Amino acid sequence: MATHLGLIESHATKIYSAEICKEVKDEITKVVSLIVKAKLGRNGFKTYKLTKYCHENYEKEVVYDGDTLQYECKLWDSCGIPCSHMFYVMKEEHVDRIPTTLILTRWMKDAKIQYLNMNCNGNVDSNMIEQARFSAYCYAFTTFYKEGSKKEGVYGEIMDDILNLQKKYCSIDDPI
Numbered sequence: 000m001a002t003h004l005g006l007i008e009s010h011a012t013k014i015y016s017a018e019i020c021k022e023v024k025d026e027i028t029k030v031v032s033l034i035v036k037a038k039l040g041r042n043g044f045k046t047y048k049l050t051k052y053c054h055e056n057y058e059k060e061v062v063y064d065g066d067t068l069q070y071e072c073k074l075w076d077s078c079g080i081p082c083s084h085m086f087y088v089m090k091e092e093h094v095d096r097i098p099t100t101l102i103l104t105r106w107m108k109d110a111k112i113q114y115l116n117m118n119c120n121g122n123v124d125s126n127m128i129e130q131a132r133f134s135a136y137c138y139a140f141t142t143f144y145k146e147g148s149k150k151e152g153v154y155g156e157i158m159d160d161i162l163n164l165q166k167k168y169c170s171i172d173d174p175i
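Counting in this note's numbering, the sequence shown runs from 0 upward without gaps.
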């Protein structure tokens with residue numbers, strides 16, 4: 000195992016696709032820099048106030064009720080993977096598996112590309128499919144952009160390819 004939370008990491012490798020699993024492991028690795036500032040229990044909820052090592056002004060809050068973790072997190076909202084703060088609380092609570100509420104189907108090994116590729120009919124909410132496609136594209140392109148920006152001398156080629164994709168799949172009337 001690459002992280003100090005072996006059981007959670009092992010669970011992640013069983014459920015997530017390889018690309019997402021790498022992102023999840025990166026978040027698990029960040030747990031080591033988090034510190035509990037306060038832990039409060041009330042009405043079946045535990046609220047953790049976390050700080051970051053050598054960053055006294057950094058403070059985040061995670062609420063745990065035994066089944067779910069609640070945290071206003073840009074990573075969770077934008078990518079749909081648990082953040083380091085959530086993994087920290089899992090560690091504190093001796094949780095050895097990623098809760099099902101934090102596992103999005105689209106990131107699982109057995110997620111079906113055909114599902115996002117299908118035409119919408121009366122049985123499927125077209126807005127839901129559109130949002131799922133959008134999220135999948137955002138994640139794929141963000142990952143691609145991160146890696147592509149590290150490489151020297153390929154900017155022009157990448158931009159040409161992106162513009163060609165845009166020409167091929169987007170009508171001229173579509174705002175970008």
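From the three backbone atoms N, C-alpha and C, an ideal C-beta is built for every residue, glycine too.
Values in this document were obtained by computation on a predicted structure and should not be read as measured data.
Between the CA atoms of Pro-98 and Lys-13 - distance to the nearest angstrom = Each residue's alpha carbon lies about 14 Å from the other.
ask   = If we count the other Cβ atoms within 10 Å of its Cβ and call it buried at 16 or more, is Tyr-168 buried or exposed?
value = Counting Cβ neighbours within 10 Å, Tyr-168 comes out exposed, since fewer than 16 surround it.
key: Between the CA atoms of Ser-16 and Met-107 - distance to the nearest angstrom   = Distance between the alpha carbons of Met-107 and Ser-16: 5 Å.
key: Cross-strand partners of Tyr-136 (DSSP beta bridge)   = None, per the DSSP bridge assignment.
query = What does a CB cutoff of less than 6 Å around Asp-31 pick up in its chain, not counting 5 residues either side in sequence?
reply = In the sequence under discussion, the amino acid at residue 31 is Val, which differs from the Asp named in the question. Result list for Val-31: empty, nothing under 6 Å.
inquiry  = Taking only three categories from DSSP, how would you classify Tyr-63?
reply    = In the structure shown, Tyr-63 falls within a strand segment according to DSSP collapsed to helix, strand and coil.
request  = Would you mind stating whether Tyr-176 and Ile-34 have Cβ atoms separated by less than 9 Å?
outcome  = It is not possible to answer for residue 176, since the shown part of the chain is limited to 0 through 175.
ask   = For His-177, which beta-bridge partners are listed by DSSP?
value = Residue 177 falls outside the range modelled here, since the chain spans only 0 to 175, and no answer is possible.
Option nearest His-54 by Cα separation, candidates Gly-65, Lys-90, Lys-45, Lys-36 = Residue Lys-36 is the option with its Cα nearest to His-54.
query = For Thr-46, which residues does DSSP report across the bridge?
reply = Thr-46 is bridged to Leu-39, Val-62.
ask   = What did DSSP end up calling Lys-149 once you bin it into helix, strand or coil?
value = In this structure, Lys-149 counts as coil in the three-state DSSP scheme.
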